[in-house]
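Residue numbers (this note's numbering): 5 to 451.
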Ligand code: GLU
Ligand code: MG
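Encoded structure:
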């Protein structure tokens, strides 16, 4: 088979590193329409070739939902092949899996061109669309997760996540209880090149928040994939269980992955106070928000999290440092801090490439059309019944909004949108037919 890529200067470096670091398996990872991180691994002895050709993969996997139920999607049947082709810039050893490394990958056709259902390509295209108008976007996910142990249910139901502690929100005792785990996690992330920004134990049993530094959009999404898998992998190695599911414990605080954004023109942050571009970008986010949530809050479980009084947001409004607004204008931290926007309806069950790509399209649409975001909201919007537009209350509602959003449907393109809708509708139907404990377990198992 013909090689897909031209020789890349990174390739030699990767091969040398893999040998030096004793790496035997290199995982080529991608995110699917169910938000699941999947992949195949090349052995080191075959890596030189596989970096070029990728590894063959059935087109059908992009029609698989998070319960491993294959959906019927045209052009994603049993016939047809794509390649999982790793991006040479993303090679990273996995400290929690000695002997293994990972590379974030695109799904490509056999001639090397991008497959129209590749999620990472969707984000790359969105970044290119921004660049064509002179902008770049910096982003960071701010993820929360629940740390505990996996125990069988004495009543014979699905396994349960028993939280590690009952320490209070931001309480010093919580730092100590989770200390050994957090040290391992931080060292692993830093080794992988993710710069850890903050850490604290948060609200509710076992909840942790650890954020990493912002990066250009594609890198930020790649980072979030690695983050998710490392949070869970480090826990597994310590016989613990960690879940980034939006609402692993139905009656406790949810796990968000708020998305922090700043738009740049060369070296200038365009989200500074008084910026018109910032207001238009917010206008775009708000205009598309009901539809956007189908991508940024991508699972059935996501909609247990969105609700008032949880700082997770329940209304499509914005406001300066308003923790109940879907879009918060964050005041910069000190002299070196950068003004940024925080999108709260965002969690780690989303496919980060689709999520961030859609956010870019929405914001850019606002800038192009000079969309007025209206007045900022400086109260808890839930205290003014009927005054503000609520966010969708379920995945089905969000998917209906997505189907009705011409701009986002166009941006997704025919194959991607039909597969995404089929996969997500199937998940909504599968969980609606079962007990809530089934939904909680399966989201904890995957996210
Ligand atoms: N746990 C909240 C959420 O679900 C976020 C709390 C915070 O602001 O850190 O989004
Ligand atoms: Mg938090």
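Glycine included, every Cβ here is placed at the ideal spot set by N, Cα and C. Values in this document were obtained by computation on a predicted structure and should not be read as measured data.
Asked: Neighbour-count burial assignment, residue 6, 16 or more Cβ in a 10 Å radius; Found: Low confidence applies to residue 6: its pLDDT is 49, below 50, so where it sits in the model is not reliable, and the reading given next is rough at best. With fewer than 16 other Cβ atoms within 10 Å, it is exposed.
Asked: Contact between the stretch 37-49 and the stretch 389-408 (3+ Cβ pairs under 8 Å); Found: no
Asked: For residue 242, the nearest candidate out of 274, 100 and 326 (CA to CA); Found: 100
Asked: Helix, strand or coil at residue 392 [DSSP, three-state]; Found: coil
Asked: With 16 other Cβ atoms within 10 Å as the buried cut-off, status of residue 437; Found: exposed
Asked: Pick from 116, 418, 81 and 363 that is closest to residue 295, judged by C-alpha positions; Found: 363
Asked: Candidates 16, 175 and 231: closest to residue 201 by CA position; Found: 231
Asked: Residue 317: CB within 8 Å of a non-hydrogen atom of the ligand GLU; Found: yes
Asked: Run of the alpha helix (DSSP H) containing residue 399, from where it starts to where it stops; Found: 399-408
Asked: Check your reading: residues with Cβ closer than 6 Å to the ligand HEM heavy atoms; Found: Summarising the ligand content, the structure contains the ligand GLU and the ligand MG and does not contain the ligand HEM.
Asked: Length of the line joining the Cα atoms of residue 27 and residue 97; Found: 8 Å
Asked: Check: residue 201 C-beta below 8 Å from any heavy atom of the ligand GLU; Found: no
Asked: DSSP-derived helix/strand/coil call for residue 6; Found: A caution first: residue 6 carries a pLDDT of 49, below 50, which makes its placement in the model unreliable, though a value can still be read off. In the structure shown, residue 6 sits in coil (DSSP, three-state: anything other than H, G, I, E or B).
Asked: Any non-hydrogen atom of the ligand GLU within 8 Å of residue 178 CB; Found: no
Asked: Unbroken stretches of the alpha helix (DSSP H), 4 residues or longer, contained in the stretch 192-259; Found: 221-241
Asked: Segment contact flag, the stretch 262-276 with the stretch 139-156, C-beta cutoff 8 Å, min 3 pairs; Found: yes
Asked: Helix, strand or coil at residue 29 according to DSSP, with G and I counted as helix; Found: strand
Asked: Buried/exposed call for residue 379, threshold 16 Cβ in 10 Å; Found: exposed
Asked: Cα-Cα separation between residue 282 and residue 301, rounded to whole angstroms; Found: 23 Å
Asked: Best match in 442, 333 and 297 for proximity to residue 407 [C-alpha to C-alpha]; Found: 297
Asked: Same chain only: Cβ atoms within 8 Å of residue 196, ignoring 5 sequence neighbours per side; Found: 96, 97, 98, 99, 230 and 234
Asked: Residue 259 beta carbon near the ligand GLU (any heavy atom closer than 8 Å); Found: yes
Asked: Beta-carbon gap between residue 323 and residue 376 smaller than 9 Å; Found: no
Asked: Residue ranges of each beta strand (DSSP E) within the stretch 61-127, 3 or longer; Found: 85-90 and 104-112
Asked: Contact under 9 Å by Cβ, residue 151 with residue 167; Found: yes
Asked: With 16 other Cβ atoms within 10 Å as the buried cut-off, status of residue 314; Found: buried
Asked: Pair within 9 Å by beta-carbon distance, residue 435 and residue 321; Found: no
Asked: Residue 314: CB within 8 Å of a non-hydrogen atom of the ligand GLU; Found: yes
Asked: As assigned by DSSP and simplified to three states, the class of residue 142; Found: strand
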